[in-house]
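**Student:** I have a structure here, written as structure tokens, and I will follow up with some questions on it.
Number of protein chains: 4
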Amino acid sequence: MTPVELALPTTSLASLKPSTVMKALVYHGPGKRAWEDKPRPAIREPGDAIVRITTSTICGTDLHILKGDLPGVTDGRILGHEGIGVVEQVGTGVSEFHVGDKVIISCVTACLKCDFCKRGMYSHCRRGGWILGNTLDGTQAEYVRIPQADGSLYKFPAGGDDEALVMLSDILPTGFECGVLNGRVQPGDTVAIIGAGPVGLAVLLTAQFYSPAAIFMIDLDDKRLAVAKNFGATTLVNSTDGNAAHLVMEMTKSAGVDVAIEAVGLPDTFAICQAIVAAGGRIANVGVHGKPVELHMEKLWDRNISLTTRLVDTATIPMLLKVVDSGKLQPSKLVTHRFALNDTMKAYDTFGNAAKEGALKVILQNADEKNASQVVV
Amino acid sequence: MTPVELALPTTSLASLKPSTVMKALVYHGPGKRAWEDKPRPAIREPGDAIVRITTSTICGTDLHILKGDLPGVTDGRILGHEGIGVVEQVGTGVSEFHVGDKVIISCVTACLKCDFCKRGMYSHCRRGGWILGNTLDGTQAEYVRIPQADGSLYKFPAGGDDEALVMLSDILPTGFECGVLNGRVQPGDTVAIIGAGPVGLAVLLTAQFYSPAAIFMIDLDDKRLAVAKNFGATTLVNSTDGNAAHLVMEMTKSAGVDVAIEAVGLPDTFAICQAIVAAGGRIANVGVHGKPVELHMEKLWDRNISLTTRLVDTATIPMLLKVVDSGKLQPSKLVTHRFALNDTMKAYDTFGNAAKEGALKVILQNADEKNASQVVV
Amino acid sequence: MTPVELALPTTSLASLKPSTVMKALVYHGPGKRAWEDKPRPAIREPGDAIVRITTSTICGTDLHILKGDLPGVTDGRILGHEGIGVVEQVGTGVSEFHVGDKVIISCVTACLKCDFCKRGMYSHCRRGGWILGNTLDGTQAEYVRIPQADGSLYKFPAGGDDEALVMLSDILPTGFECGVLNGRVQPGDTVAIIGAGPVGLAVLLTAQFYSPAAIFMIDLDDKRLAVAKNFGATTLVNSTDGNAAHLVMEMTKSAGVDVAIEAVGLPDTFAICQAIVAAGGRIANVGVHGKPVELHMEKLWDRNISLTTRLVDTATIPMLLKVVDSGKLQPSKLVTHRFALNDTMKAYDTFGNAAKEGALKVILQNADEKNASQVVV
Amino acid sequence: MTPVELALPTTSLASLKPSTVMKALVYHGPGKRAWEDKPRPAIREPGDAIVRITTSTICGTDLHILKGDLPGVTDGRILGHEGIGVVEQVGTGVSEFHVGDKVIISCVTACLKCDFCKRGMYSHCRRGGWILGNTLDGTQAEYVRIPQADGSLYKFPAGGDDEALVMLSDILPTGFECGVLNGRVQPGDTVAIIGAGPVGLAVLLTAQFYSPAAIFMIDLDDKRLAVAKNFGATTLVNSTDGNAAHLVMEMTKSAGVDVAIEAVGLPDTFAICQAIVAAGGRIANVGVHGKPVELHMEKLWDRNISLTTRLVDTATIPMLLKVVDSGKLQPSKLVTHRFALNDTMKAYDTFGNAAKEGALKVILQNADEKNASQVVV
């Protein structure tokens, strides 16, 4: 994908005062993105907060949007649903956050008041869910408006590391909630993770909270598998030859794995999960799927398995903050590249060529916060 | 299916003493069954018990076997995996049961010692599982050998009713474990059961242990639906017109159901479950499937659902016995027809035409136990 | 306890316009209560709602307050933490409720935003918890101010019954959450409830959601036990002779009960629970305790039991509403007496003599809503 | 306690052939133990196995027996309920083990067939439970008879380490099941363990399976606390000054701990747990208690806590074997001293002076298995 550079529509913003303009990464239809001037967001509802972004990052989902896979995202949308920032302004209904607070922005907006929020299913909040960088302007910008701020922001802990904690906006809770918690990983378990991309690696990091005995990492790319080894995978399986399921069954002496976690989103990788799950085991889906899969109920109906799906709720951010603080999780392991926020276009180029660039997560650092020449590596 | 009546192979048994011959329902390949002489079973292993059958019944799975759907069942096999009886003889390794004990026979044989049994997953017992009337001779006979008797029999309670308790051999634990427990039915839930056959009705009866607020029963047959109404279903949906999912969504104001329980085993009925499950809901499969189904992961990946499969473990028989004893479950509601054990061929005719005959469960009563002319209704 | 009637402090309210005065039941120190004029409450915080009370009731805790057992309740406090009403006014931060909405008032105030609320532990809300009729003015009045209204009110369902649903403010969720859910009542269980007062009866009604096989009801009062019988208890035990534990053990053949639920709050009744809980069983405490109890760890340490405590969270109100709507719970069974709200003093007299009067829950009906002469029975 | 050396009662064994005599540690009433000749055990029941001990150890409970605290243990009893060995002989009912199999002996005997065993509550097995070295002769001997061998032995894994795996007989499952599982330790939790003796340290090692953020270790002895630090405790609290609870509350900013695990068995240490458990937290009792404790229900009734007791079931031995095999648990860390089995008397001297000797677990190695002079450190 070669994104087309667009001329900045500066004319429409010409009459704005400097303080009301900001830079942002804007989607302009499939294949088109630009780093351009946009009006600074303002409070619209009592529950809103305006957050000045200090650190952001790019998600695989952003690439999907750029491919046009999510038609709900329309021309002119600011992308991004992950970020760390500082509260600039709050609406009258915000009680938990104040101007000057440093915050972690959840990729999921939660009103806390609807039936789904009361069950902790923020992903299905009747007023929120995943809307940032989707149906609302997002976080790859100098400023962002966060609706339902009390439910959608988390206090940045004293002494925290921006790079580490921006991983709590989405990728770590996604791996943990959809993969590890839904898969009910237990001490001594044999776990297989299919897909060693950033989200599969987030599963890998957080699965180790529960001391599984073995973690098989399955991917097409030996470089990614090498990273997985470094992150704690006990066995690597390159699935290029279509033999992955067979190998896993062999290595488990035909027992299969207690937990198979799908972190790709394709029928073929989903098929591997079905082929390797043990009787009594769990398949936890993390990947975003674009088409149906074949479910082999003729083989699985009597296997006592469970299969789960989940859009991340980010309800575990407080728990993850504690684990990070204790030193038992180092989210910054996922960071491979750093750019100034002003270089978001370049960051996309790199992240869009993840395989070639060896990119996992790329950090976008607001140059106003630190000296950009220092932070860009 | 018109089963062919076979000449009895009495010659081969002619030399046996009367006390070593018995009558049994024998499978002779697809479409062929006979009520014929067979040698009485004898103890082979220390864990065996020989049980004289007093009451048995026929399962939908027996009809599948007769259709040839289960090629593992070979010519000459005595069918049946449900039954009540009296212990005639025990091996030296049996400690829980003694000659003269009246027992409920589980459809699942459990050694209690293997890793699966220790987890309560008797269905996957490494020495047992579902083998009666499958790879071992079964219970539609005057006598049956029960291996691993200590794990495969349950004491018949004083004052118990044969007809009621033979439903604990298979159908009630199947409905309860695979449908209700796996579906995690909770007070106030909206539940849909797809399939109002005997097993779907067993789900219906046991789902009410947890006081769901609404139970939708979906089936093609209005007569079965009328039975479901009588058994506690709150809403009936005839799915003949292909509109069932649409109707359920309408009646639930587009929320869908908390629990969708598949009790048929076909791609179409499985599709209904997917179409009506609420965000955060559970699909519990009970039906036996013969082919793959299409799983709409492109719609379900972000719906936070769980989907379970299970072969019945019958681990809940002790719990079910307590509920029956308390009067809160009347399993004999499932009984529509009664035959003398000697009339098992006729009972198959009736059960094989369940729709026309209005048959749910047909009781086979050993005429030696009671006067057959009294028990046959 | 003979409450002293107090002269109304009307002078201080003389200058108020009629529309700003209301009647309320006011606590004036141990043993003293009055039905007197108080200023109508007004919105103070953006999250507040003003609710006009249509139905209220009296709780055993109100009697404790009047005895002086809760020194945190000070002179001048309006009592009451249960009620149904109509929203008269909302603050700018209230999003879930509008003027004219009929509502159920939870006895527990929940901000929904603090760490405890996010875990569903509203009882320990950092801004709320049980404050109504405790540290804030309560619901035995014509009007009440409800802080954190979005988390503390529930929509009254169309066609609902005031008398039934006012039981959802406190007593039914208390019995259900603290007793039944914490006690993990399961189908087939043997349950003992110690205390057949209103809250013990609420346990009894909601325990039946899970189809236990036997429910022992233990109390000193045969009249209360007779009510329990009528409500579904299977065995009654009058504990006057100190022999209750012995009897329960005898009736359970020394096994004890799966779940022992304490609904009194005294060392003696707590001792019964310890004496009758089965190995592997649960003790769920519901009663409010004023002093330490002796815990027989020398007997219990190896009995694999669990013991729970809980202040009601009322997080199950939505679930209970569904069960009530389905007809599987009839809360109005708990109602024995009805008074006009203006007769709250008389209602206290009756409720304060519960044993003699045979009182369980007394309804206070606002005469402005219905014709009081009709509603008072 | 100075145990009295007894003259060996060799006369009574004089007529036995050498192969039918063995050495064993025998209890002769309070304060009296001897290493003396006893008849070798023989098969009595079909489920029995005779195991030749290769490695054993001493438990704190053995010291309690020697003090006379367990009057059920009678004069002449061989002590010990932990051990590794080799199967010498099996009864006709044993199916899982064969002569020559190396095994781990569970401290708990399980028939697998009774109602408690079927629930995984082996501790309350109707034919077993903790009987070895208690009401039956135990494992501090050259040979031991293991009843219900199929449920009471576990296969020793190829390549396993005797010293490490003998810790799976009792102490590690005790710490894990009674402390960690019952306490439901979760990632990010704050855990306090009261008591840094061997069992408290077993809790400490296994609590880390779940990645708690902080583990407070509370003990009177700085040497033990230093060991705890080395084993992963994050904060040490010497409770000598009676200020431990106060300190923990201060360090947790008055929140208290999510899980308080009692690993001593005294009213004072139990009181610390009550004082430091957070609202919504768990108290998990591991210690053996000899007298009642005061439970502050007047403070705890509204704190939403749970309190659990448990005698170890050892049902988690298979899980623990997997975690040991994965290298994530090193049980041999608990071993401080090694003796030849023939020196069991000396081993008791050392273990009986644990504080002075710095003893945690002392290994008893059968000199016939390895060269004793090599193994004794």
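Chains as they are written, first to last, in numbering that gives the first Met the number 0: chain Y, 0 to 376; chain A, 0 to 376; chain Z, 0 to 376; chain S, 0 to 376. For every residue, glycine included, the Cβ atom is placed at its ideal position computed from N, Cα and C.
Which residue from Y/Ile-170, Y/Gly-199, Y/Asp-312 puts its Cα closest to that of Y/Ala-232?
**Tutor:** Of the listed residues, the one whose Cα sits closest to Y/Ala-232 is Y/Gly-199.
**Student:** Should the segment 317-331 of chain Y be called in touch with the segment 124-131 of chain Y, which here means at least 3 C-beta pairs below 8 Å?
**Tutor:** Result no; under three Cβ-Cβ pairs closer than 8 Å.
**Student:** What residues match up with Y/Trp-34 in a beta bridge as DSSP calls it?
**Tutor:** Paired residue(s): Y/Leu-24.
**Student:** Say whether chain A places a C-beta atom closer than 9 Å to the C-beta of S/Gly-127.
**Tutor:** Cβ-Cβ to chain A under 9 Å: no for S/Gly-127.
**Student:** Is there at least one Cβ from chain Y nearer than 9 Å to Z/Val-226's Cβ?
**Tutor:** So no, Z/Val-226 is outside the interface.
**Student:** Examine chain S for any beta-carbon lying closer than 9 Å to the beta-carbon of Z/Leu-363, and answer yes or no.
**Tutor:** No - not a single Cβ of chain S is within 9 Å of the one on Z/Leu-363.
**Student:** Pick from S/Ala-274, S/Arg-302, S/Val-285, S/Glu-356: whose alpha carbon is nearest that of Z/Tyr-121?
**Tutor:** Checked all of S/Ala-274, S/Arg-302, S/Val-285, S/Glu-356; the closest Cα to Z/Tyr-121 is S/Arg-302.
**Student:** Just the chain S side, please: which residues come within less than 9 Å of A/Lys-112 by C-beta, in chain order?
**Tutor:** Residues of chain S passing the Cβ test: Ser-94, Glu-95, Leu-111, Asp-149, Gly-150.
**Student:** Among the candidates S/Ala-195, S/Pro-156, S/Leu-171, S/Gln-185, whose CA atom is the shortest distance from the CA of S/Ala-353?
**Tutor:** Residue S/Ala-195 is the option with its Cα nearest to S/Ala-353.
**Student:** Beta carbons nearer than 7 Å to chain Z: which residues of the segment 298-321 of chain S have them?
**Tutor:** So the list reads Leu-299, Trp-300, Asp-301, Arg-302, Asn-303, Ile-304, Ser-305, Leu-306, Thr-307, Thr-308, Arg-309, Leu-310, given in the order they occur along the chain.
**Student:** Hey, out of A/Ile-362, A/Asp-47, A/Asp-36, whose CA is closest to A/Gly-386's CA?
**Tutor:** Only positions 0 to 376 of chain A appear in this structure, which leaves residue 386 of chain A out of reach.
**Student:** Of all the residues that make up the segment 21-54 of chain A, which are near chain S by a beta-carbon distance shorter than 7 Å?
**Tutor:** So the close ones are Pro-45.
**Student:** A/Ala-274 and A/Thr-307: beta carbons closer than 9 Å?
**Tutor:** Result no, Cβ atoms of A/Ala-274 and A/Thr-307 do not sit closer than 9 Å.
**Student:** Helix, strand or coil for Z/Lys-355 per DSSP?
**Tutor:** In this structure, Z/Lys-355 counts as helix in the three-state DSSP scheme.
**Student:** What separation, rounded to the nearest whole angstrom, lies between the Cα atoms of A/Ile-362 and A/Leu-167?
**Tutor:** Taking the straight line from one Cα to the other gives about 13 Å.
**Student:** Would you call the CB atoms of Y/Cys-106 and Y/His-123 closer than 9 Å?
**Tutor:** Against a cut-off of 9 Å, the Cβ pair of Y/His-123 and Y/Cys-106 comes out as no contact.
**Student:** What are the residues in the segment 197-221 of chain S lying within 7 Å of chain Y by C-beta distance?
**Tutor:** Flagged, chain order: Phe-208, Tyr-209, Ser-210, Ala-212, Ala-213.
**Student:** In or out: S/Thr-239 buried (at least 16 other Cβ within 10 Å) or exposed?
**Tutor:** Exposed is the call here.
**Student:** For a contact meaning CB atoms closer than 7 Å, what does S/Glu-293 contact in chain Z?
**Tutor:** Those within 7 Å of S/Glu-293 in chain Z are Pro-291, Glu-293.
**Student:** If you draw a straight line from the alpha carbon of Y/Ser-18 to that of Z/Gly-92, how long is it in whole angstroms?
**Tutor:** Using only the alpha carbons, I get a separation of about 29 Å.
**Student:** Going by DSSP in three states, A/Asp-312 sits in which element: helix, strand or coil?
**Tutor:** Coil, per DSSP.
**Student:** If A/Ile-193 and A/Ala-109 are in contact, beta carbons under 8 Å, what's the gap, nearest whole angstrom?
**Tutor:** Rounded, the Cβ-Cβ distance is 29 Å, inconsistent with contact.
**Student:** May I ask you to list, following chain order, the residues of the segment 66-93 of chain Z that have a beta carbon less than 8 Å from some beta carbon of chain Y?
**Tutor:** The segment 66-93 of chain Z vs chain Y, Cβ under 8 Å: Thr-91, Gly-92.
**Student:** Can you check whether the C-beta of Z/Asn-352 is within less than 9 Å of a C-beta belonging to chain S?
**Tutor:** No, because no Cβ of chain S sits closer than 9 Å to the Cβ of Z/Asn-352.
**Student:** Less than 9 Å between CB atoms is the rule here; does A/Ser-18 satisfy it with respect to chain Z?
**Tutor:** So no, A/Ser-18 is outside the interface.
**Student:** Could you name each continuous beta strand (DSSP E) segment of 3 residues or more that falls completely within the segment 187-251 of chain Z, going from the start of the chain to the end?
**Tutor:** The qualifying runs are 189-193, 213-218, 234-237.
**Student:** Z/Leu-78 and Z/Gly-137 look like a contact to me (Cβ under 8 Å); what is the Cβ gap, rounded to whole Å?
**Tutor:** At roughly 5 Å, the Cβ-Cβ gap stays under 8 Å, so Z/Leu-78 and Z/Gly-137 are in contact.
**Student:** Alpha helix (DSSP H) containing S/Leu-306: first to last residue?
**Tutor:** Element bounds for S/Leu-306: not the alpha helix (DSSP H) but the beta strand (DSSP E), 305-307.
**Student:** At which residue ranges does the segment 95-159 of chain Y contain complete beta strand (DSSP E) runs of 3 or more residues, listed in the order of the chain?
**Tutor:** Entirely contained in the segment 95-159 of chain Y, the beta strand (DSSP E) runs reaching 3 residues are, in chain order, 101-104, 142-145, 152-154.
**Student:** 9 Å is my cut-off, CB to CB: does Z/Asp-342 come that close to chain A?
**Tutor:** Not one chain A Cβ lies under 9 Å of Z/Asp-342.
**Student:** Considering only the beta carbon of each residue, do Z/Gly-59 and Z/Lys-222 sit closer than 9 Å?
**Tutor:** Contact flag unset, no.
**Student:** To the nearest angstrom, how far is it from the Cα of Y/Met-216 to the Cα of Y/Asp-68?
**Tutor:** Approximately 27 Å between the Cα atoms of the pair.
**Student:** Which residues mark the beginning and the end of the alpha helix (DSSP H) in which S/Gly-59 is found?
**Tutor:** Unbroken alpha helix (DSSP H) run through S/Gly-59: 59-66.
**Student:** For A/Asn-365, count the other beta carbons within 10 Å of its own beta carbon; 16 or more makes it buried, fewer makes it exposed. Which is it?
**Tutor:** A/Asn-365 is buried by the Cβ-count criterion.
**Student:** Kindly identify the DSSP beta-bridge partner or partners of Y/Ala-387.
**Tutor:** Summary: the structure shown does not reach residue 387 of chain Y, with chain Y confined to residues 0 through 376, and so no result is reported for it.
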